[in-house]
Amino acid sequence: MTYKNLYIDGILSDLTVTDGSISHIEAAKPDFNNHNTNTVDCHGKRWALPAFVNMHTHSAMSLFRSAGSGLPLQQWLHDTIFPMEAKLTPDDIYRGALQAFDEMRASGTTAFNDMYFCTESTLRAAREKGMLGTVSLSVTDADFDNPEKAIQTRHFFDHYEHLTANLPPELTLAVAPHAIYSVSAKNLRYVADFACEHSLPFHIHISETQAERENCIKEHGVPTVVYLDKLGILDKVGSRFIGAHALWLDETEIRILGDHHATVVHCPNSNLKLGSGFRFLYNELRDAGVNVTLGTDGCASSDNLDMIEAMKVMSLLQKGTRLDASALPAEEVFRIATHNGYRALGIDYCGLCIGARANFFLVDISRPPFTILKQPDLTPEQRKHLFLNQLVYAAHGDCITETITA
Ligand SMILES: [Zn+2]
């Protein structure tokens, strides 16, 4: 398939996809033949960009969109979410995940990093929708202690080799202890040992609320990341450590995460909705060597899976909390939402270049957020800079007309 007359990096281009890869990119040629069924003429009204990676999802929670609005995290979890999750069947999780993947693809996301139970249901939905990414089994102490749940947990650990052998290369498995307040030290070590033995990502909620930090200090004498480090978790899983939220950190914790080349996932909309906090220490984490990525969290707390909205909120929070309008510019937050996510998931992807997997989306630049691009005499660099700023600050996921992935 050839896409003619679309913008790539500010230049009007033609792009060809052959057998799932980008085989050709060149400056647009005027000799367009309207009768070729393998060609789409974008008439200069589309802009191609690498697809997003949503680095912290609970896909099946699309079934619980906006549930428990107005409650703080612990009350929201115990009074609203856990009782509803207790009633979910594997088929519900499959259907919830299908719905989430439709929403992700419609807004330009093709890769995701999921944390939920019934991994096989989410994997089945991800395969059907052609998603890339990592599906992790989420466990709490109840998944080890409750006899009925323990069977399911054992099934994952005992049948891991079989589960992974049947996966396409674009989908991988991970383990996800829910958080330090819901998983004991013994079970955290067990899961980390398993992750270490099988070279799996270790995905966990960390330092999401001030209360988590204070309770950890009260109970263990140190804050969350230091506690995990003392348990030997960071040394065991190293750069495969993925900490979702990471809001309430001190300098020592940031240094520990940086020394281990860990990944953290900022979920600004979820943090704001649950009143968990807003002072994400992006510059400090980046400068310490932490791979900072972006996620929405599940639909129950972020209400949608729109990565454009998440980019905008992340960038605005940095500008606002640092009293610095130049903080986290559009180009950098776009890189966080794409490149850093692929790096965290170990997906080799160079973006829009010849030989890369076809994995991109098209933006309708004839819509109001992009009218400024009609200015004449823009250089490709100026056009690209304007476009990315309008994408992040003026547009929403519904400006995306098509998501293409192989
Ligand atoms: Zn979460």
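Taking our numbering, the leading residue of the sequence shown gets 28, the next gets one more, and so forth.
From the three backbone atoms N, C-alpha and C, an ideal C-beta is built for every residue, glycine too.
It should be emphasised that the depicted structure is a prediction, and the values quoted were computed from it without experimental measurement.
> Any idea what DSSP makes of LYS114, helix, strand or coil?
Replying inline: By 1-based counting over the sequence shown, the position of residue 114 is 87. LYS114 falls in the coil class under three-state DSSP.
> In three-state terms, what does DSSP make of LYS257?
Replying inline: Here residue 257 refers to the residue found at position 230 of the sequence shown. Correct three-state label for LYS257: helix.
>> Is the separation between the beta-carbon of GLY47 and that of ALA433 shorter than 7 Å?
In response: The count along the sequence shown starts at 1 and reaches residue 47 at position 20. The count along the sequence shown starts at 1 and reaches residue 433 at position 406. Going by C-beta atoms, GLY47 is nearer than 7 Å to ALA433.
> At which residue ranges does the stretch 96-141 contain complete alpha helix (DSSP H) runs of 4 or more residues, listed in the order of the chain?
Replying inline: 109-112 and 117-133
> Hey, ASN296 and SER342: beta-carbon distance below 7 Å or not?
Replying inline: Translated into the one-based positions of the sequence shown, residue 296 becomes position 269. Translated into the one-based positions of the sequence shown, residue 342 becomes position 315. No, they are not a contact pair.
> Going by beta carbon distance, what residues of the same chain come within less than 8 Å of TYR34, once the five residues before and after it are set aside?
Replying inline: Residue mapping note: residue 34 aligns to position 7 of the sequence shown, counting from 1. For TYR34, where only same-chain residues beyond five positions count, the Cβ hits under 8 Å are SER40, GLY71, ARG73, TRP74, ALA75, ILE392, ARG410 and PHE414.
>> Measuring straight from C-alpha to C-alpha, what distance separates ILE363 and MET334?
In response: Sequence index remark: in the sequence shown, residue 363 carries index 336 (1-based). Sequence index remark: in the sequence shown, residue 334 carries index 307 (1-based). Taking the straight line from one Cα to the other gives about 11 Å.
>> On a Cα-Cα basis, can you pick out the residue from TYR208, LEU227, ASN214 and PRO228 that is closest to SER234?
In response: Mapped onto the sequence shown, residue 234 falls at position 207. Closest option to SER234, Cα to Cα, is TYR208.
>> In the DSSP output, which residue or residues are listed as bridge partners for TRP74?
In response: Numbered from 1 along the sequence shown, position 47 holds the residue referred to as residue 74. Looking at the DSSP assignment, TRP74 forms a beta bridge with TYR34 and VAL390.
>> Quick check on PHE79: does DSSP put it in helix, strand or coil?
In response: Counted from its first residue, the sequence shown places residue 79 at position 52. In the structure shown, PHE79 sits in a strand (DSSP, three-state: E or B).
>> Given a cut-off of 7 Å on the beta-carbon distance, is the pair ASN416 and ALA371 in contact?
In response: By 1-based counting over the sequence shown, the position of residue 416 is 389. By 1-based counting over the sequence shown, the position of residue 371 is 344. Between ASN416 and ALA371, the C-beta spacing is not below 7 Å.
> Can you list, in chain order, the residues of its chain whose CB lies under 7 Å from that of PRO99, leaving out five sequence neighbours each side?
Replying inline: Mapped onto the sequence shown, residue 99 falls at position 72. So the list reads LEU301 and GLY302, once near-sequence residues are dropped.
>> Closer than 8 Å is the cut-off here; do at least three beta carbon pairs connect the stretch 272-280 with the stretch 123-141?
In response: Contact check between the stretch 272-280 and the stretch 123-141: fewer than three CB pairs, one atom from each, fall below 8 Å, which does not count as touching.
>> Once DSSP output is grouped into helix, strand and coil, what is the label at GLU53?
In response: Stepping through the sequence shown from its first residue, residue 53 is reached at position 26. GLU53: strand per DSSP, three-state reduction.
> Considering only residues of the same chain and omitting the five flanking positions on each side of THR348, which have a CB-CB separation below 7 Å?
Replying inline: Taking the sequence shown and counting its residues from 1, the one referred to as residue 348 is at position 321. Correct list, in chain order: PHE305 and ARG306.
>> For LEU90 and ASN298, I'd like the C-alpha separation in whole angstroms.
In response: In the sequence shown, the residue the question calls residue 90 occupies position 63. In the sequence shown, the residue the question calls residue 298 occupies position 271. So the two alpha carbons sit approximately 20 Å from each other.
> Quick one: what's ALA364 bridged to in DSSP?
Replying inline: Here residue 364 corresponds to residue number 337 of the sequence shown, with the count starting at 1. None, per the DSSP bridge assignment.
> Pick from ASP220, ILE244 and PRO395: whose alpha carbon is nearest that of ASP262?
Replying inline: Position 235 of the sequence shown, counted from the first residue, corresponds to residue 262. For the residues ASP220, ILE244 and PRO395, the minimum Cα distance to ASP262 belongs to ASP220.
>> Going by DSSP, what residue range makes up the beta strand (DSSP E) through ALA271?
In response: Translated into the one-based positions of the sequence shown, residue 271 becomes position 244. Start and end: 268-272.
> Taking just the CA atoms, how far does CYS145 sit from ALA177?
Replying inline: Residue 177 sits at position 150 when you count from the first residue of the sequence shown. Residue 145 sits at position 118 when you count from the first residue of the sequence shown. Their Cα atoms are separated by approximately 12 Å.
> Looking only at its own chain, which residues have a Cβ that is under 8 Å from the Cβ of VAL340, when we skip the five neighbours before and after it?
Replying inline: As a first step, residue 340 must be located in the sequence shown, where it is residue number 313. If the five residues before and after VAL340 are omitted, its C-beta is found closer than 8 Å to the C-beta atoms of PRO295, ASN296 and LEU299, all from its own chain and listed in chain order.
>> Taking its Cβ as the centre, do 16 or more other Cβ atoms sit within 10 Å of ALA385, making it buried, or is it exposed?
In response: The sequence position of residue 385 within the sequence shown is 358, counting from 1. Buried, because 16 or more other Cβ atoms sit within 10 Å of the Cβ of ALA385.
>> Can you give me the C-alpha to C-alpha distance between ALA153 and PRO403, rounded to a whole angstrom?
In response: Within the sequence shown, the letter at position 126 stands for residue 153. Within the sequence shown, the letter at position 376 stands for residue 403. Spanning the two alpha carbons is a distance of roughly 43 Å.
>> In the DSSP assignment, the alpha helix (DSSP H) including LEU284 goes from what residue to what residue?
In response: Looking up residue 284 in the sequence shown gives position 257. From DSSP, the alpha helix (DSSP H) with LEU284 extends over 278-286.
> What's the C-alpha gap between ASP314 and GLY285?
Replying inline: As a working mapping, residue 314 is identified with position 287 in the sequence shown. As a working mapping, residue 285 is identified with position 258 in the sequence shown. The alpha-carbon atoms of ASP314 and GLY285 are separated by roughly 8 Å.
> For ASP141, is the beta carbon positioned less than 6 Å from some heavy atom of ligand 1?
Replying inline: In the sequence shown, residue 141 corresponds to position 114, counting from 1. Distances from the CB of ASP141 to the heavy atoms of ligand 1 are all 6 Å or more.
> How many Å lie between VAL202 and ASN193 at the Cα?
Replying inline: For the purposes of this step, residue 202 is identified with residue 175 of the sequence shown, where counting begins at 1. For the purposes of this step, residue 193 is identified with residue 166 of the sequence shown, where counting begins at 1. If you take the alpha carbons of VAL202 and ASN193, they lie about 17 Å apart.
> Leaving out the 5 sequence neighbours to the left and right, which residues in its chain are closer than 8 Å to HIS288 when beta-carbon positions are compared?
Replying inline: If you number the sequence shown from 1, residue 288 lands on position 261. Contacts found: GLY265, SER266, GLY316, VAL317 and ASN318.
>> Does SER165 pass the burial test, meaning 16 or more other C-beta atoms within 10 Å, or should it be called exposed?
In response: The residue labelled residue 165 in the question sits at position 138 within the sequence shown. Flag for SER165 reads buried.
> LEU350 to LEU312, Cα distance in whole Å?
Replying inline: Translated into the one-based positions of the sequence shown, residue 350 becomes position 323. Translated into the one-based positions of the sequence shown, residue 312 becomes position 285. When rounded, the distance between both Cα atoms is 18 Å.
> What do you reckon, is the C-beta of ASP324 under 6 Å from a heavy atom of ligand 1?
Replying inline: By 1-based counting over the sequence shown, the position of residue 324 is 297. ASP324: yes, Cβ under 6 Å from ligand 1.
>> On the DSSP letters alone, give me the boundaries of the alpha helix (DSSP H) that HIS85 sits inside.
In response: Walking along the sequence shown from the start, residue 85 turns up at place 58. Taken as a continuous stretch (DSSP letters only), HIS85 belongs to no alpha helix (DSSP H), as it is neither H nor E.
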